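Residue numbers for the sequence shown follow my numbering, so the first one is 410 and each next one is one higher.
First comes the structure, then the notes that go with it.
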Amino acid sequence: MTHEDAGHYAAKHPGAEMDPEIEKLLNAKIVAGRISCEDAHAVAGSLRVSPRRVGIAIDLLEARIMDCQLGLFGSSVQLPETELSGEAEKLLQQAVAAALVQGRLPCAAAWEIAETMGIAKILVRVECDRMNIKVNRCQLGAFA
Numbered sequence: 410m411t412h413e414d415a416g417h418y419a420a421k422h423p424g425a426e427m428d429p430e431i432e433k434l435l436n437a438k439i440v441a442g443r444i445s446c447e448d449a450h451a452v453a454g455s456l457r458v459s460p461r462r463v464g465i466a467i468d469l470l471e472a473r474i475m476d477c478q479l480g481l482f483g484s485s486v487q488l489p490e491t492e493l494s495g496e497a498e499k500l501l502q503q504a505v506a507a508a509l510v511q512g513r514l515p516c517a518a519a520w521e522i523a524e525t526m527g528i529a530k531i532l533v534r535v536e537c538d539r540m541n542i543k544v545n546r547c548q549l550g551a552f553a
């Protein structure tokens with residue numbers, strides 16, 4: 410959806426129904442029509458549902474997702490002060506290259522790489538930028 414579509418997110422999901430449990434937890438986290446990526450994922454984890462289901466519920470509530478943990482949009486996520494060493498950077502580049510799908514890195518793969526390597530998620534995205542690789546398939550559905 411484009412910026413012109415803001416406030417019409419539910420239109421992406423014709424016929425979708427709101428899960429009352431998800432709605433309750435989201436309403437407790439949404440402030441001024443916005444919810445952070447971290448909070449949305451926390452809702453998914455606490456209810457043991459997919460982030461995508463939570464993302465659809467966020468759209469149905471016409472809320473916006475902010476503070477992407479990869480630093481892709483609306484983000485106040487700060488880069489760690491330490492840089493990766495040459496060897497760690499090389500391993501990260503190899504992991505990113507191995508996880509590409511049609512030349513792009515899915516969001517879930519970026520998270521998995523960060524967890525496996527024990528690094529901040531945003532460092533995976535920064536390396537993708539250096540490699541001219543786009544991240545796609547937001548787990549919450551914020552971007553395709």
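Idealized CB from N, CA, C, for every residue including glycine.
All of these numbers come straight from a predicted model, not from anything done at the bench.
| query | result |
| --- | --- |
| Cβ neighbour criterion (16 or more within 10 Å) applied to Arg-534 | buried |
| Supposed contact pair Ser-445 and Asp-476 - C-beta distance, whole angstroms, cut 8 Å | 4 Å |
| Beta carbon of Val-419 nearer than 7 Å to that of Leu-469 | According to the sequence shown, residue 419 is Ala rather than Val. Closer than 7 Å, so yes. |
| Contiguous beta strand (DSSP E) assignments of at least 3 residues, all confined to the region 414-467 | 443-445 |
| Three-state secondary structure (DSSP) of Val-486 | coil |
| Simplified DSSP state of Met-475, which is helix, strand or coil | strand |
| Through-space distance from Glu-490 to Met-410, alpha-carbon basis | Any reading at Met-410 needs caution, since the residue's pLDDT is 46, under 50, leaving its predicted position unreliable; the model's value is listed next. The straight-line gap from Cα to Cα measures roughly 34 Å. |
| Rounded C-alpha distance that separates Ile-522 from Glu-430 | 31 Å |
| As assigned by DSSP and simplified to three states, the class of Thr-411 | Any reading at Thr-411 must be qualified, since the residue scores a pLDDT of 47, below 50, and its modelled position is unreliable; no value is offered. |
| Stretch pair the region 525-545 + the region 507-514: three plus CB contacts closer than 8 Å | yes |
| Three-way DSSP call (helix, strand, coil) for Ala-470 in this model | The displayed chain sequence assigns Leu, not Ala, to residue 470. Here Leu-470 sits in coil by DSSP. |
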